[in-house]
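J.: I am attaching a structure below and will ask some questions about it afterwards.
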Amino acid sequence: MKLVRQIRNMNIIQSAATHRSSSVAARKIFYPAAERNKEPILSVLKEYIRSGPNQNFLEIGSGSGQHVAHFALYLPQVTFYPSEVDIGMLGSIVAYTKEISNVQSPILIDVTTNSDYWGAQTFRENSFDYIYNSNMIHIAPHACTVGLFENAGKLLKQNGILFTYGPYKIDGTISPESNVRFDESLKAENPEWGLKDIRDLEKLANENGLDLIEIFDMPANNKTIIWKKE
């Protein structure tokens with residue numbers, strides 16, 4: 003079974019490399035929301051990302067690639083590793099990042115799997131300074147959230163940072179009313195979806211060696227949460 007997974011992972015990496023070199027596949031997908039929030043999120047990242055060289059940043063769920071392309075331009079001291087669970091998005095990530103030297107080829111990653119199978123040379127324990135995930139926790143099965151925190155606990159260096167962005171519930175309460183309606187619509191589409199309570203996430207983080215450090219209020223009733231590996 004382990005050999006099968008290793009072979010599958012090699013095929014995934016080769017698929018990503020193919021998208022990097024294919025002009026046909028490299029077509030930009032544009033999300034207005036990603037365009038609007040990329041600068042506010044970058045302003046938060048800058049408060050925690052250091053100025054020194056040799057820093058590694060993994061994005062789980064890069065989507066179109068708009069965020070990683072924007073961040074990389076303003077943080078040239080950091081090497082970015084974009085990833086996606088949807089192979090159909092890899093071409094867009096390539097299209098946004100192919101001219102940016104500090105962004106690596108995107109890799110297909112299912113965050114519910116153990117990072118040991120993502121690529122032994124890149125995804126070693128205690129090898130990343132930062133991990134970033136935007137707008138996944140509320141619109142994915144709970145197993146994805148569990149996988150995010152478990153793998154972050156393994157991959158981050160000591161004092162490494164996990165950034166999560168999106169809408170959240172706090173102490174059982176959702177606000178404002180627009181987020182209440184959004185939560186209801188998500189659950190109607192899929193019972194596993196919906197806004198997660200920050201207190202529940204904090205317990206999950208603690209189980210994986212991460213502490214909640216700071217919560218930033220963001221535009222459109224979202225938040226950026228800073229989790230640190232102690």
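219 is the number that this note's numbering gives to position 217 of the sequence shown; each next residue is one higher, with no gaps. The beta-carbon is built from N, C-alpha and C at its ideal position, and this holds for glycine as well.
Going by the beta-carbon positions, is the gap between G63 and Y33 smaller than 8 angstroms?
T.: Result no, Cβ atoms of G63 and Y33 do not sit closer than 8 angstroms.
J.: Kindly indicate the opening and closing residues of the beta strand (DSSP E) around N233.
T.: Shown here, the chain extends from 3 to 232; a query on residue 233 therefore has no answer.
J.: Could you tell me the boundaries of the beta strand (DSSP E) in which T175 lies?
T.: Neither: T175 is in no beta strand (DSSP E) and is coded neither H nor E.
J.: Less than 8 angstroms separating the beta-carbons of Y98 and G121?
T.: In this structure, G121 does not lie closer than 8 angstroms to Y98 by Cβ.
J.: Using three-state DSSP, classify F165 as helix, strand or coil.
T.: Note: F165 maps to strand in three-state DSSP.
J.: Of the choices H69, N161, E232 and Y167, whose alpha-carbon is the least far from that of D200?
T.: For the record, residue 200 in the displayed sequence is Ile; it is not Asp. The option with the nearest alpha carbon to I200 is Y167.
J.: Candidates L75, W229, A36 and N58: which alpha carbon is nearest N210's?
T.: N210 has its Cα closest to that of W229, out of L75, W229, A36 and N58.
J.: Quick one: residues in its chain with C-beta nearer than 6 angstroms to the C-beta of I31, no 5 flanking neighbours on either side, listed in chain order?
T.: Closer than 6 angstroms at Cβ, skipping near neighbours: S66 and S94.
J.: First and last residue of the alpha helix (DSSP H) that includes T147?
T.: Taken as a continuous stretch (DSSP letters only), the alpha helix (DSSP H) holding T147 covers H144 to L157.
J.: State the Cα-Cα distance for the pair I109 and S85, rounded to the nearest angstrom.
T.: In a straight line, the C-alpha of I109 is about 5 angstroms away from that of S85.
J.: Quick check for students: name the residue ranges of the alpha helix (DSSP H) that lie wholly in the stretch 32-59, counting only runs of 4 or more.
T.: Fully enclosed alpha helix (DSSP H) runs of 4 or longer: 34-50.
J.: With a 10 Å radius around its C-beta and 16 neighbouring C-beta atoms as the bar for buried, classify A222 as buried or exposed.
T.: Under this definition A222 is an exposed residue.
J.: Enumerate in chain order the residues of its own chain whose CB-to-CB distance from Q57 is below 8 angstroms, with the five nearest sequence positions on each side excluded.
T.: Excluding residues within five positions, the ones whose Cβ falls inside 8 angstroms are I51, Q79, V80, T81, D131 and Y132.
J.: Take E232 and list the residues in its own chain whose beta-carbon comes closer than 7 angstroms to its own, dropping the five residues that flank it on each side.
T.: So the qualifying residues of the chain are G211 and D213.
J.: Give me the DSSP bridge partner(s) of S136.
T.: Paired residue(s): Y167.
J.: Hey, how far is the Cα of R38 from the Cα of A207?
T.: Roughly 28 angstroms separates the two Cα atoms.
J.: Tell whether a beta-carbon distance below 8 angstroms holds between K48 and H72.
T.: Cβ distance not < 8 angstroms, so K48 and H72 don't count as in contact.
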